[in-house]
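Under this note's numbering, think of the first position of the sequence shown as 1, with each following residue one higher.
Glycine residues also receive a C-beta, built at the ideal position from the N, C-alpha and C atoms.
Reading through the structure tokens given below for one structure.
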Amino acid sequence: MEKTDTVENTVLWLQCASCTGCSVSVLNSVSPGIQNVLLDKTIPGSHISLRFHSTLMAGAGEAVIRQIESTAAKNQGGYILVVEGAIPAAGNNGNYGSIGEHNGSKVSMYERVISLGQNARVIIALGTCAAFGGIPAAEPNPTRSTGVDSILKKCEISTPLINIPGCPPHPDWFIGILVQILMSGLPGSLELDENKRPKAFYGQLIHENCPRRAYFDEGKFAKAYSEPGCLNELGCKGPITYADCPTRHWNNGVNWCIGSRSPCIGCVEPGFPDLVSPLNQKLTANILPNIASCGHPVTEPAPY
Ligand code: SF4
Ligand code: SF4
Numbered sequence: 001m002e003k004t005d006t007v008e009n010t011v012l013w014l015q016c017a018s019c020t021g022c023s024v025s026v027l028n029s030v031s032p033g034i035q036n037v038l039l040d041k042t043i044p045g046s047h048i049s050l051r052f053h054s055t056l057m058a059g060a061g062e063a064v065i066r067q068i069e070s071t072a073a074k075n076q077g078g079y080i081l082v083v084e085g086a087i088p089a090a091g092n093n094g095n096y097g098s099i100g101e102h103n104g105s106k107v108s109m110y111e112r113v114i115s116l117g118q119n120a121r122v123i124i125a126l127g128t129c130a131a132f133g134g135i136p137a138a139e140p141n142p143t144r145s146t147g148v149d150s151i152l153k154k155c156e157i158s159t160p161l162i163n164i165p166g167c168p169p170h171p172d173w174f175i176g177i178l179v180q181i182l183m184s185g186l187p188g189s190l191e192l193d194e195n196k197r198p199k200a201f202y203g204q205l206i207h208e209n210c211p212r213r214a215y216f217d218e219g220k221f222a223k224a225y226s227e228p229g230c231l232n233e234l235g236c237k238g239p240i241t242y243a244d245c246p247t248r249h250w251n252n253g254v255n256w257c258i259g260s261r262s263p264c265i266g267c268v269e270p271g272f273p274d275l276v277s278p279l280n281q282k283l284t285a286n287i288l289p290n291i292a293s294c295g296h297p298v299t300e301p302a303p304y
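Next comes the structure, spelled out in structure tokens:
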């Protein structure tokens, strides 16, 4: 058999309480295309081996569940675990959602995240639901859904975690961190912010780079979505949201939320959606107390 020097990077991808939108967003990656990421060498000499993804796999049932367990057992400490969606933690170890069975008993999403998370090289929490709880964790949250970080802390699991929030996350944010891991290893703590997000993608406020910022500074505010002007009075959360959407844009650079006259709804922030709701309500410091306590300054816009 021909000898190959290609390094295989095993990836297991769990879909928990989610709408599958994060997968769809990543599958829409254009440069590189997702087929290049999954089938070719992602970088020279390095290949992704996606061993489990419920939506993408042709297989189903017991055989593929055995695949998760045998892959994890053979690659202890060496695989990348991607978690998409929040983790229901209510009841008997999260019995509101399960991923397959073991010896005839259901295995909850909560139990899968713990058992696979503690033996992974790194966990990537993809999307706001996996990172912080997101929409499944919105009040009244009967399933007690939460993000990966809180589960790891509760169970004292020290596996490195990288959060890639967004509802959905931009494909570049996921592919970018994946390529960085393959090329130069895990990001150092200085490369992540206090919410474990890569600063390369989440390092600046939307408000700092917004093309409508001159309107804000001049006190010109739109009263309707169709009007020119800053969208602050229509509920824009750009002043408390950290992401590079104004410069990266979405859909292969075609446009982005504010570019298409929609206020930023703060989809990458902890506490989304409760703390930024109602989404069309003007931002005030008193509706965002938890975001402020996470280290994000919340200031009233200057008088106008
Ligand atoms: S409030 Fe929103 S629309 Fe206005 S300048 Fe800031 S980010 Fe742009
Ligand atoms: S502009 Fe705001 S709401 Fe839109 S994708 Fe970026 S962070 Fe999310």
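Residue i classed as buried or exposed, judged by whether at least 16 other C-beta atoms fall within 10 angstroms
{"i": "THR199", "result": "In the sequence as presented, Thr is not what sits at residue 199; that position holds Lys. Classification of LYS199: exposed, given that the 10 Å Cβ count is below 16."}
{"i": "PRO278", "result": "exposed"}
{"i": "SER226", "result": "exposed"}
{"i": "ASN232", "result": "buried"}
{"i": "HIS102", "result": "exposed"}
{"i": "VAL7", "result": "exposed"}
{"i": "ALA60", "result": "exposed"}
{"i": "ASN252", "result": "exposed"}
{"i": "PRO142", "result": "exposed"}
{"i": "LEU192", "result": "buried"}
{"i": "THR128", "result": "buried"}
{"i": "SER184", "result": "exposed"}
{"i": "GLY33", "result": "exposed"}
{"i": "ASN36", "result": "exposed"}
{"i": "PRO289", "result": "For PRO289, the predicted model reports a pLDDT of 42, less than 50, meaning its position is unreliable and no value from the coordinates is stated."}
{"i": "VAL24", "result": "exposed"}
{"i": "ARG319", "result": "Within the shown structure, residues of the chain are numbered from 1 to 304, placing residue 319 beyond reach of any answer."}
{"i": "LYS74", "result": "exposed"}
{"i": "PRO228", "result": "exposed"}
{"i": "SER105", "result": "exposed"}
{"i": "SER260", "result": "exposed"}
{"i": "LEU190", "result": "exposed"}
{"i": "GLY188", "result": "exposed"}
{"i": "ARG66", "result": "exposed"}
{"i": "LYS196", "result": "buried"}
CB-CB length for residue i against residue j, believed under 8 Å
{"i": "LEU116", "j": "LEU14", "result": "7 Å"}
{"i": "GLY97", "j": "ALA17", "result": "6 Å"}
{"i": "ILE68", "j": "VAL179", "result": "So it is not a contact: roughly 24 Å between Cβ atoms."}
{"i": "ILE162", "j": "VAL122", "result": "6 Å"}
{"i": "ILE48", "j": "LEU56", "result": "Their Cβ separation, rounded to whole angstroms, is 12 Å, which puts ILE48 and LEU56 out of contact at 8 Å."}
{"i": "LYS220", "j": "CYS230", "result": "6 Å"}
{"i": "CYS155", "j": "ILE124", "result": "That belief does not hold up - the Cβ atoms of CYS155 and ILE124 are roughly 18 Å apart, past 8 Å."}
Residues of its chain near residue i, where Cβ-Cβ distance is below 6 Å and the 5 sequence neighbours each way are ignored
{"i": "GLY21", "result": "PRO168"}
{"i": "CYS236", "result": "PRO263, CYS264"}
{"i": "VAL26", "result": "PRO171, PHE174"}
{"i": "SER29", "result": "PRO171, ILE175"}
{"i": "ALA120", "result": "TYR79, LEU81, THR159"}
{"i": "TRP250", "result": "TRP256"}
{"i": "LYS41", "result": "HIS47"}
{"i": "GLY266", "result": "LYS237, THR241, PHE272, VAL276"}
{"i": "GLN76", "result": "ASN119"}
{"i": "PRO165", "result": "THR128, ALA131, VAL268"}
{"i": "ILE157", "result": "GLY117, GLN118"}
{"i": "GLN281", "result": "GLY235"}
Closer than 9 Å to chain B by CB, residue i
{"i": "ASN93", "result": "Going by chain labels, chain B is absent from the structure shown, which holds only one protein chain."}
Same chain only: Cβ atoms within 8 Å of residue i, ignoring 5 sequence neighbours per side
{"i": "PRO301", "result": "Residue placement at PRO301 is flagged as unreliable, the pLDDT there being 35, under the threshold of 50; the coordinate-derived value follows with that caveat. Same-chain partners within the cutoff: PHE216, ASN232, PRO239, LEU283."}
{"i": "ASP5", "result": "GLY45"}
{"i": "THR71", "result": "THR10, LEU12, ARG51, PHE52, TYR79"}
Beta-carbon contacts of residue i that lie in its chain and below 7 Å, excluding the five residues immediately before and after
{"i": "SER108", "result": "ASN93, GLY94, ASN95, GLY97, SER98"}
{"i": "CYS19", "result": "none"}
{"i": "ASP274", "result": "ALA138, GLU139"}
{"i": "LEU186", "result": "VAL122, PRO160"}
{"i": "ARG144", "result": "PRO88, ALA89, ALA90"}
{"i": "CYS210", "result": "GLY238, PRO246, ILE258"}
{"i": "SER352", "result": "With the chain running from 1 to 304 in the structure shown, residue 352 is simply not present."}
{"i": "VAL64", "result": "PHE52, MET57"}
{"i": "HIS207", "result": "ARG213, GLY238, PRO239"}
Residue i: CB within 8 Å of a non-hydrogen atom of ligand 3
{"i": "TYR215", "result": "As for ligand 3, it is missing from this structure, which binds only ligand 1 and ligand 2."}
Report task. Mind the definition here: the stretch 129-142 touches the stretch 75-88 only if three or more C-beta pairs lie below 8 Å; say whether that holds. Result -> yes
For this session: Any chance you could list the residues with Cβ under 7 Å from a heavy atom of ligand 2, keeping chain order?
Result: With the cut-off at 7 Å, the residues found are GLY166, CYS167, ILE206, LYS237, GLY238, THR241, ALA243, CYS245, TRP250, TRP256, CYS257, ILE258, CYS264, ILE265, GLY266, CYS267, VAL268.
Would the stretch 240-256 and the stretch 202-212 be scored as touching if the rule is three or more Cβ pairs under 8 Å? Yes: the two stretches touch, three or more of their Cβ pairs being nearer than 8 Å.
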